[in-house]
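Engineer: FYI, my numbering numbers position 175 of the sequence shown as 157, with every residue one higher than the one before it.
Below you will find the structure I want to go over with you.
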Amino acid sequence: MKPYRTHLILFFVMIAWGLNVTATKILVTNFLPVTITGIRVLTAGLTVFLLLFLIKKVRWLTKKEFWYVFVASIFNVVAHHYYLSIGLTGTTATNGGLIMGMSPLLTTILAILFIGTPLTPLRGIGLLLGFTGVAFIVLEGSEVTGISFGDAYILLSVLTQAVSFILIKRVAHTLDPRLMTGYMMVIGSLFLIVIGLFEEPEGFAGVAANSTVSLWLIYFASACIATAVGHMFYNEAIGKIGASEASIFINLNPFFALVGASLFLNEKIGFQHILGFLLIISGVLLGSGAVEEIRARRIRRKEQYGISK
């Protein structure tokens, strides 16, 4: 796959992921959130396995791989999607999409704390900008704290996902990340469904009672296109162009979340959202190390060119 094709695919993946915030908001508003999320993630996981089976990439996990995948699924699927589904019932898709844009920065913080990633001045500035952007969003309209329980849950969902990324790095070198994604989705979704049975006893009955054709179209688009195919393409892109370059496209995610919330949910986009969006984008570019990686790559290319010349 040529780089420009990979970039184009990533662009469409970001559109799907951004709009998926709106889709998830619609689903958790019309159904009991944990139940519909468990079913949706299970559908996504089975879709991943079907696609991988067609290209003969399915295999059993080793014992060591299984335990890493199991623990990662608790953070990446169970906790992340649980807090996300509950959080979106208590905040707007606009806030949710922007806060989720913080994922690369939280991953960077955990990498600095636990795997020795250096804290450079640029990364420090990026972290400060990113958290300032989130503060503009969650503290808007505040009389006391301004942080709704929905915003707090979205932050928790992003934090637990960031923890999973650190765990995933420890096993990604031996396991195809697409296959790992499928296993995590299936394992995690089963836990979510069980949690839903306890917390939402009427969850499955509600799915049957409130179903419409439009809701099912949104459901399958979210599960199969955004969650399953989107994650597969993104993970493949990381292998083609590297994590740093691929992560730059994450900045488009909150933008399309804003567009989706405005177009399909008629949510008002205020000045604080635009300012927060710009600060988060700047923060992610600096804080994730993407700018430093691009700069280092250009220097290496210039040195190589100079030597060859």
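Backbone N, C-alpha and C fix where the C-beta goes; we use that ideal spot for every residue, glycine too.
Which same chain residues end up closer than 7 Å to I207 when comparing Cβ atoms and leaving out the 5 residues on each side of it in sequence?
Structural biologist: Here the set comprises A(-2).
Engineer: Identify every run of the alpha helix (DSSP H) within the segment 45 to 132, keeping only runs that are complete inside it and at least 4 residues long; order them along the chain.
Structural biologist: The qualifying runs are 45 to 55, 62 to 69, 75 to 82, 85 to 96 and 103 to 120.
Engineer: What number of angstroms, rounded off, separates the C-alpha of L172 from the C-alpha of A205?
Structural biologist: For L172 and A205, the distance between alpha carbons rounds to 15 Å.
Engineer: Buried or exposed for E184, please, with buried defined as at least 16 other CB atoms from any protein chain shown within 10 angstroms of its CB.
Structural biologist: Result: exposed.
Engineer: Specify the secondary structure class of K291 as computed by DSSP and reduced to three states.
Structural biologist: Residue placement at K291 cannot be trusted, given a pLDDT of 46 that sits under 50; the coordinates are not used to answer.
Engineer: Let me know the secondary structure DSSP gives G252 once reduced to three states.
Structural biologist: Here G252 sits in coil by DSSP.
Engineer: Answer with buried or exposed for V195, where buried requires no fewer than 16 other C-beta atoms within 10 angstroms of its C-beta.
Structural biologist: Looking at its Cβ environment, which holds fewer than 16 other Cβ atoms inside 10 Å, V195 is exposed.
Engineer: Output needed for V60: all residues of its chain with C-beta closer than 8 Å, excluding positions within five of it in sequence on either side, in chain order.
Structural biologist: Closer than 8 Å at Cβ, skipping near neighbours: G170, F173, L174 and I177.
Engineer: What is the C-beta distance between T76 and H255, in whole angstroms, given that I count them as a contact (C-beta under 8 Å)?
Structural biologist: The pair is a contact, with the Cβ atoms about 6 Å apart (cut-off 8 Å).
Engineer: For F(-7), count neighbouring Cβ atoms within 10 angstroms of its own Cβ and tell me buried if that reaches 16, exposed if not.
Structural biologist: Result: exposed.
Engineer: Does the distance from the CB of G0 to the CB of G108 come in under 8 Å?
Structural biologist: Cβ atoms of G0 and G108: not closer than 8 Å.
Engineer: In whole angstroms, what separates the C-alpha of G106 from that of H155?
Structural biologist: Looking at the two C-alpha atoms, the distance is approximately 29 Å.
Engineer: Taking the C-alpha atoms as reference points, what is the distance between K250 and I263?
Structural biologist: Rounded to the nearest angstrom, the two C-alpha atoms are 20 Å apart.
Engineer: Can you tell me where the alpha helix (DSSP H) with W198 in it begins and where it stops?
Structural biologist: From DSSP, the alpha helix (DSSP H) with W198 extends over V195 to F202.
Engineer: Beta-carbon within less than 8 Å of T114's beta-carbon, same chain only, minus the 5 sequence neighbours each way: which residues are those?
Structural biologist: So the list reads L261 and G265, once near-sequence residues are dropped.
Engineer: So for W42, helix, strand or coil by DSSP?
Structural biologist: Note: W42 maps to coil in three-state DSSP.
Engineer: Drop a sphere of 10 angstroms on the beta-carbon of L95, count the other beta-carbons inside from all chains shown, and report buried for 16 or more, exposed for fewer.
Structural biologist: L95 should be labelled exposed.
Engineer: Evaluate the contact criterion for the segment 76 to 88 versus the segment 186 to 193: three or more CB pairs, one atom per stretch, below 8 Å.
Structural biologist: As far as the Cβ criterion goes, the segment 76 to 88 does not touch the segment 186 to 193, which means the pair count is below three.
Engineer: If you follow the alpha helix (DSSP H) that L36 is in, where does it begin and where does it stop?
Structural biologist: Start and end: P15 to L36.
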